Amino acid sequence: MSEATLKPVDINSGDTAWVLASACLVFIMIPGLGYFYSGMATGRSALSMIFLCMLSLAIVPIQWYIWGYSLALSPTGGKFIGNLDHAFLRGVGPTPHPNAPNVPGTVYAIFQCMFSALTPALALGATAERVRLLPALVFLFVWSTVVYDPIAYWTWGTNGFLRYAGSLDYAGGTPVHMASGFAALAYAMVLGKRRAGHHSAYQPHNFSNIMLGTALLWFGWFGFNGGSGVLSNSKAGQAMIVTHLAASVGGVTWMLWQYRYDRKFSSFGFCCGAVAGLVAITPGSGYVTAWAALVYGVVAGTVCHFAVVLKDRYWFDDALDVFAVHGVGGVVGNLLTGLFASAAITAVDGTEIPGGWIDGHYKQLLVQLFACGAGGAWSFVVTYIILRGMDLVPFLRVRVSEADEERGVDITEMGEDYFAATVKPDPLHSADGMPLSEGDPRMRHDSDFSHGPSSGTATPREEKLSARPSTEIRMNPYTSVGGIPPEHAV
């Protein structure tokens, strides 16, 4: 159906409601990602991880409004990138986009906007403990323009060359996960290793945040995959079924691989495996059967687990294993889609595809491999060039100083801390909230909370506070972030 023939009268209210709800679900994934990353990081950079995700949620939509939507989804662009016909969302209104003929153009725009905001936030997990925030903000805007938008256009644009070649990517295996994973690899290489060097010096500080983040990501992924068909039909339900199965099997698979080290069931390993399963099923969620989703989960949970193990053999320091889960997981998902894509699944809503190997279309695997190579190479090379260029500008140097890294990114870049170091009570009330009269020995004065004389000595109150045990959770110092003993890293 051409753009000229699409009219507001074609809009389906049920489909519109489902896509709007899906946009809200994808929105939830972004703070969920922040909690997931903050739990994986140490306490000194936990807040900055959440903050960067929220900033991506704010900055990237501005870019999307200015020209991102037009560059990524313009129906009249060329093979490589869209044009600026819809810059500032000009002409985007009730008339549907060709990719979503049953919903208003504005609804499709906000749904896709959430994808664009999530993707660079994923990549920033590699920067934990040592990233400067101002350059990261510039990176969010620039990267979305020159990396995400072109790859999204190749994959989903009406005239994109990967779409024209027959690549199957239902919900973003290449433009979201591979793009962010390979960008994370480039960012980690440019930043260099963290100050302490060995991964065992950096342990997750809050497993509750990891579990909460995983739950929010998992929940949001139902809209991420289920809404990508922009139809409220049985295929949306099928996409949600395979999404849940892949996550479930991926989580159990990773957990069992990790169990072999110390005969303990790791909640962290389960969460990492669930995310790996979600990543892998993304490109195939609208094309594969339920039994195939089980294969996605097993393969993703296994391959991504060992990608984390192998990572420590190399010189890059991907702090939160973004490349191992999203980059490698995206490749796994794309290739498995070339094997298990089924024409019978897509025929439910009239969509015709040749299918994958199970339908006798053996060429599809090569097409999927080509899409992986194009998306991964573009993301890595262009991201590396962007960051090296920024690093040449003094006020855009991407890494904090050694002294600032020692103190922690939260304090040095934000002036705030994930944990409250002191709690200043109300000086006019007791601990139980009752007013205090003048002269009451429990009356508190500002001097009780001072930082001591100009010489820098601490008050007795501060010394007492500093003597309290740390609230940071410490894991076995001989295990990696993924809970894998170094002697098992091959």
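Numbering of the sequence shown is given in UniProt numbering, commencing with residue 1 and proceeding in unit increments. From the three backbone atoms N, C-alpha and C, an ideal C-beta is built for every residue, glycine too. Note that this is a predicted model, so its numbers are computed, not measured.
Look at V400 here: in three-state DSSP terms it is coil, with no helix or strand label. Rounded to the nearest whole angstrom, the CA to CA distance from S234 to G284 is 16 Å. G172 and G408 have their C-alpha atoms some 34 Å from each other. Counting only runs of 3+ residues, no beta strand (DSSP E) is found wholly inside the stretch 8-55. Contact between the stretch 42-56 and the stretch 220-228 is absent: fewer than three C-beta pairs spanning the two stretches fall below 8 Å. In the DSSP assignment, H305 falls within the unbroken alpha helix (DSSP H) covering A290 to K311. Of the candidates L124, V309 and N99, L124 places its Cα closest to the Cα of A46. Comparing C-alpha distances from G329 to each of I281, L231 and S208 shows the shortest one belongs to I281. DSSP places W218 inside the alpha helix (DSSP H), whose first and last residues are F207 to G226.
A straight line joining the alpha-carbon of V176 with that of Y259 spans about 30 Å. The bridge partners DSSP lists for V131 are R399. In the DSSP assignment, R194 falls outside any alpha helix (DSSP H) and carries neither an H nor an E. Judged by DSSP in its simplified three-state form, H326 adopts helix. By the CB criterion at 9 Å, F141 and V26 fall outside the cutoff. Between the stretch 28-45 and the stretch 68-88 there are fewer than three inter-stretch CB-CB distances shorter than 8 Å, so the stretches are not counted as touching. If you look at V242, you'll find it in the alpha helix (DSSP H) that goes S234 to D262. An exposed status is given to I62, since fewer than 16 other beta-carbon atoms sit within 10 Å of its beta-carbon. Under DSSP, A100 shares a beta bridge with H97. T282 carries a coil assignment under DSSP once its states are collapsed to helix, strand and coil.
Using a Cβ distance threshold of 9 Å, I81 and G166 do not count as a contacting pair.
Nearest Cα to G39 within the set Y108, S13 and L212: L212. Close CB contacts of A239 within its chain, under the 8 Å cut and outside five residues either way in sequence, are with Y170, A171, N225, G226, S228, G229, S285 and G286 (chain order). Of the residues assessed, L366 falls on the exposed side of the cut-off, its CB having fewer than 16 other CB atoms within 10 angstroms. Ranked by Cα distance from T106, the first of Y418, M255, F88 and D391 is F88. Taking all protein chains shown into account, F268 has 16 or more neighbouring C-beta atoms within 10 Å of its C-beta and is therefore buried. Contact between the stretch 134-153 and the stretch 339-351 is absent: fewer than 3 CB-CB pairs across the two stretches fall below 8 Å.
In this structure, the straight-line span from the alpha carbon of I151 to that of F316 is close to 25 Å. In the three-state scheme derived from DSSP, where H, G and I count as helix and E and B as strand, Y164 is classed as helix. Comparing alpha-carbon positions, the option among V60, V332 and M189 lying closest to V381 turns out to be M189. At the C-beta level, G160 and K79 come within 9 Å of one another. Straight through space, the alpha carbons of Y35 and L217 are spaced by roughly 10 Å. Contact between L33 and L122 holds, since their C-beta atoms are separated by about 7 Å, short of 8 Å.
Distance from the Cα of D318 is smallest, within the candidate group W254, A41 and H86, for A41. When C-alpha distances from M178 are compared across L392, V400, V325 and V146, the shortest belongs to V325. Relative to D410, the option among R130, V60 and I11 whose CA is nearest is R130.
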